[in-house]
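K.L.:
Got a structure here, written out as structure tokens. Questions coming.
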Amino acid sequence: MGAFFDDATTPYRLGLAGLVAGRSDIAWRDRGFLELTDRDGGVAVISGGGSGHEPLHAGFLGKGMLHAVCPGHIFTSPNARQILEATRAVDDGSGVVHVVKNYTGDVMNFGVAAALAAEEGIRVETVLVGDDVATDLDDDGESDGDNGNGGGADSDDGSGGSGGPGRRGTGATILVEKACGAAAARGADVEVVADVGRNVARRARSIAMSLGGARTPGSEESFSLEDDEAEFGVGIHGERGVDRRKRIDVADAVAEMIAEIHEAAGSPDRVLVLVNGLGGIAGLELSAILALACGELEERGAVVERTMCGDYITAWDMAGFSLTVLGVDDDLLDLLDAPTDAPAWDAPVPYAGVPEISEAALEELPAADSGPRQPELSAWIERVLDAFDELTALDRKAGDGDFGVNMREALGAFDLPLRGTVGEVLHAVGESYLVRAGGTSGAVFGLFFEKMGAKAGDAESFADVDVAAVVRAGLDAIVELGGAKVGDGTVVDAIEPAVLALEDGATAAEAASAAVEGAEATADQVAGKGRASYVGEAAKGVIDPGALIMGWFFEELAR
Numbered sequence: 004m005g006a007f008f009d010d011a012t013t014p015y016r017l018g019l020a021g022l023v024a025g026r027s028d029i030a031w032r033d034r035g036f037l038e039l040t041d042r043d044g045g046v047a048v049i050s051g052g053g054s055g056h057e058p059l060h061a062g063f064l065g066k067g068m069l070h071a072v073c074p075g076h077i078f079t080s081p082n083a084r085q086i087l088e089a090t091r092a093v094d095d096g097s098g099v100v101h102v103v104k105n106y107t108g109d110v111m112n113f114g115v116a117a118a119l120a121a122e123e124g125i126r127v128e129t130v131l132v133g134d135d136v137a138t139d140l141d142d143d144g145e146s147d148g149d150n151g152n153g154g155g156a157d158s159d160d161g162s163g164g165s166g167g168p169g170r171r172g173t174g175a176t177i178l179v180e181k182a183c184g185a186a187a188a189r190g191a192d193v194e195v196v197a198d199v200g201r202n203v204a205r206r207a208r209s210i211a212m213s214l215g216g217a218r219t220p221g222s223e224e225s226f227s228l229e230d231d232e233a234e235f236g237v238g239i240h241g242e243r244g245v246d247r248r249k250r251i252d253v254a255d256a257v258a259e260m261i262a263e264i265h266e267a268a269g270s271p272d273r274v275l276v277l278v279n280g281l282g283g284i285a286g287l288e289l290s291a292i293l294a295l296a297c298g299e300l301e302e303r304g305a306v307v308e309r310t311m312c313g314d315y316i317t318a319w320d321m322a323g324f325s326l327t328v329l330g331v332d333d334d335l336l337d338l339l340d341a342p343t344d345a346p347a348w349d350a351p352v353p354y355a356g357v358p359e360i361s362e363a364a365l366e367e368l369p370a371a372d373s374g375p376r377q378p379e380l381s382a383w384i385e386r387v388l389d390a391f392d393e394l395t396a397l398d399r400k401a402g403d404g405d406f407g408v409n410m411r412e413a414l415g416a417f418d419l420p421l422r423g424t425v426g427e428v429l430h431a432v433g434e435s436y437l438v439r440a441g442g443t444s445g446a447v448f449g450l451f452f453e454k455m456g457a458k459a460g461d462a463e464s465f466a467d468v469d470v471a472a473v474v475r476a477g478l479d480a481i482v483e484l485g486g487a488k489v490g491d492g493t494v495v496d497a498i499e500p501a502v503l504a505l506e507d508g509a510t511a512a513e514a515a516s517a518a519v520e521g522a523e524a525t526a527d528q529v530a531g532k533g534r535a536s537y538v539g540e541a542a543k544g545v546i547d548p549g550a551l552i553m554g555w556f557f558e559e560l561a562r
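To convert, take the position in the sequence shown, counting from 1, and add 3; that gives my numbering.
Below is the structure:
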């Protein structure tokens, strides 16, 4: 994807201003941090990091979570002075907890700030989050398992116990922030709040995969992949992963990822699972991944206590996702379930199982597989299915690109040739459109074929029906439904000329010619109805795909 801004500084500056403008309970302090303005006293919790990961961290400012956030420039850690000033501002003598993702710049700058604050008498506790198993390496560079306490090859907090930087801080960060914020809200001492956070950090493990890199304003994509490749173990700054491979089935990928992080977390019996979008994945895909992840955890014998799914810690626009497994107990669930008004925090959802989404309604549709053959309709269906790429390309230019898919869903379900009376076959096609196809085309073609089927009745072939009357019944129904008329650039532009020709005594071939001419004329029109009407002049020069296949319909009737 691209960006509306062509430099990294402007969206950073204006983005922070917009965050403040959109909330009445936070303020930007000139010394470089965001502060919650309406909070109770007690231990304060601070976090921060580079911008570009929104809603992390500013979206988690709120009572019961974070009290100040130090934002760096895009993918750049905040400086020690910002962090020190924020620490000074929020401390009321109770102490401050720093939640720090395990990245070198963050660790160093928070470390300097903590040391300087301590010299001033401020009690500071640091919670280091290091949950990314892709960077949990032993001395040979191989991924190492966990000891059940969250330690893995490195130390329990994720820092590099063997001298390396250790595990990166990723998806578990918001879980640590939430638990710390809840403990602070209950009046816990600063050491207790920090221990709560460290406990969460020890129990959580994450891993991510993507279909490409991140493209921040003014920069090239951090890395690129072929269409059939995926990258495992990517970071939240657009970093390459640890394993590039030909893309595997997503269910297999999720199974592999869950197995790795569940084992690395110590194979806990009770878990929270978090599915996090990295900025470029549709919400429906994230939900599908959540269903797969929950199923895999249950296969491994874990009890899924809570689920979270959404964009929480992004990598600008990276087309990827991360999975986090957190081992939980009742005390930890109480902290995660505790109320907060942080706008980006979604309360963890008690898990109630993954339902089986039945398609029983599809199995009840008429099959059109017994009785006399209907070669005209069969040939038309075959022609439409063969033109999938052409129809999709046309609709991408003038609509939303789903026309080919809808045709395939509705018509690809039949075993050809179609069999049954004319009425039965038309009814079967109409029902398939109404149930299997989506969008406008499903409703329009579904009603069109249903009404034609009702008019055709028990005739055994099209030679035995009044084609003009049959098609007129369908045409009148869709005109009443959508209000389209000739000149609006829709199916009506092809159907109506053919019907009028037949009603005037024209041959089937002449009616087909009228339909094709009407369809071709839609390329010169600005659509007045349908999805193409949303793009106006941009659709000129493009034949309406619905009108096109109606021209084919009459051509097959004429053969």
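Idealized CB from N, CA, C, for every residue including glycine.
Give the DSSP-derived three-state secondary structure of L37 in the structure shown.
P.N.:
Of the three classes helix, strand and coil, the one that applies to L37 here is strand, per DSSP.
K.L.:
Which same chain residues, not among the five before or five after A71, have their C-beta less than 6 Å away from its C-beta?
P.N.:
Around A71: F36, E38, I49, A89, V93.
K.L.:
Indicate the three-state DSSP secondary structure (helix, strand or coil) for F235 in the structure shown.
P.N.:
Strand at F235.
K.L.:
Give me the DSSP bridge partner(s) of H101.
P.N.:
DSSP lists I49, T129 as partners of H101.
K.L.:
Have a look at G407 and N112 and give me their C-alpha separation to the nearest angstrom.
P.N.:
Looking at the two C-alpha atoms, the distance is approximately 54 Å.
K.L.:
For a test of the three-state rule: what should DSSP assign to K488, helix, strand or coil?
P.N.:
Coil, per DSSP.
K.L.:
Where does N112 sit, in a helix, a strand or coil, going by DSSP?
P.N.:
DSSP places N112 in helix when its eight states are reduced to three.
K.L.:
Would you kindly work out how many angstroms separate the C-alpha atoms of E558 and A480, rounded to a whole number?
P.N.:
Going by the C-alpha atoms only, they are around 22 Å apart.
K.L.:
Where does N152 sit, in a helix, a strand or coil, going by DSSP?
P.N.:
Because the pLDDT of N152 is 34, which lies under 50, any placement of that residue in the model is unreliable, and the question is left without a value.
K.L.:
Determine the burial state of A121: buried for a count of at least 16 other Cβ atoms within 10 Å of its Cβ, exposed for fewer.
P.N.:
Exposed: under 16 other Cβ atoms inside 10 Å.
K.L.:
Should L560 and A518 be called a contact, given that it needs their Cβ atoms to be closer than 7 Å?
P.N.:
Not a contact, by the Cβ cut-off of 7 Å.
K.L.:
So, helix, strand or coil for P500, using DSSP?
P.N.:
Helix at P500.
K.L.:
Cβ of G236 within 7 Å of Cβ of A318?
P.N.:
Against a cut-off of 7 Å, the Cβ pair of A318 and G236 comes out as no contact.
K.L.:
Let me know the secondary structure DSSP gives I66 once reduced to three states.
P.N.:
Checking the sequence, you will find Lys at residue 66 rather than Ile. The answer is coil: DSSP assigns K66 none of H, G, I, E or B.
K.L.:
In this structure, does DSSP put S27 in helix, strand or coil?
P.N.:
Coil.
K.L.:
Tell whether a beta-carbon distance below 7 Å holds between A472 and M553.
P.N.:
Taking 7 Å as the Cβ cut-off, A472 and M553 do not qualify as a contacting pair.
K.L.:
As a quick exercise: from A204, D418, R303, pick the residue whose alpha carbon is nearest that of R171.
P.N.:
The candidate whose alpha carbon is nearest that of R171 is A204.
K.L.:
For N409, which residues in the same chain have their Cβ closer than 7 Å to its Cβ, ignoring the five residues on either side in sequence?
P.N.:
Cβ within range, chain order: A440, G441, G442, S444, G445.
K.L.:
Does the beta-carbon distance from D305 to V274 come in below 7 Å?
P.N.:
Note on identity: in this sequence residue 305 is Ala, with Asp being the wrong assignment. Contact: yes.
K.L.:
Determine the extent of the alpha helix (DSSP H) in which A518 is found, giving its start and end residues.
P.N.:
Segment 511-524, the alpha helix (DSSP H) holding A518.
K.L.:
Taking the alpha-carbon positions, what's the A217 to P14 distance?
P.N.:
If you take the alpha carbons of A217 and P14, they lie about 16 Å apart.
K.L.:
Comparing C-alpha positions only, which one of D139, I29, I86 sits nearest to L64?
P.N.:
Selected option, being the one with the closest Cα: I29.
K.L.:
If you reduce the DSSP assignment to three classes, tell me which class E210 lands in.
P.N.:
At residue 210 the sequence reads Ile, which differs from the Glu that was named. Strand at I210.
K.L.:
Mind reading off the beta-carbon distance from I239 to T173? Whole number of angstroms is fine, and I expect it under 8 Å.
P.N.:
The Cβ separation is near 6 Å, so the contact holds.
K.L.:
Quick one: what's got a C-beta closer than 7 Å to G594's C-beta in the same chain, skipping five residues either side?
P.N.:
No statement about residue 594 is possible, as the shown extent of the chain runs from 4 to 562 and does not include it.
K.L.:
With a threshold of 8 Å on Cβ separation, who are the neighbours of P375 within its own chain once the five nearest residues in sequence on each side are excluded?
P.N.:
The residues are R422, G423, T424, E463, S464.
K.L.:
For F451, count neighbouring Cβ atoms within 10 angstroms of its own Cβ and tell me buried if that reaches 16, exposed if not.
P.N.:
Label assigned to F451: buried.
K.L.:
What residues are listed by DSSP as bridge partners for K249?
P.N.:
For K249, which the question treats as bridged, DSSP gives the partners E232.
K.L.:
For A71, report the span of its beta strand (DSSP E) as first-last.
P.N.:
Per DSSP, A71 belongs to the beta strand (DSSP E) from 71-77.
K.L.:
Kindly identify the DSSP beta-bridge partner or partners of M311.
P.N.:
According to DSSP, M311 bridges with L277.
K.L.:
Please report how far the alpha carbon of D252 lies from the alpha carbon of A11, in whole angstroms.
P.N.:
Between D252 and A11, the C-alpha separation is close to 35 Å.
K.L.:
Could you tell me if A514 is buried or exposed, where buried requires 16 or more neighbouring beta carbons within 10 angstroms of its beta carbon?
P.N.:
The residue is buried, with at least 16 neighbouring Cβ atoms inside 10 Å.
K.L.:
Below 7 Å between beta carbons: does that hold for E180 and V102?
P.N.:
Going by C-beta atoms, E180 is nearer than 7 Å to V102.
K.L.:
Assign D10 to one of three DSSP states: helix, strand, or coil.
P.N.:
D10: coil per DSSP, three-state reduction.
K.L.:
Look up F557 in the DSSP assignment and say whether it is helix, strand or coil.
P.N.:
Helix at F557.
K.L.:
Tell me where the beta strand (DSSP E) around L330 begins and ends.
P.N.:
Reading off the sequence shown, one finds Gly at residue 330, where the question assumed Leu. Where G330 is concerned, the enclosing beta strand (DSSP E) stretches over 323-330.
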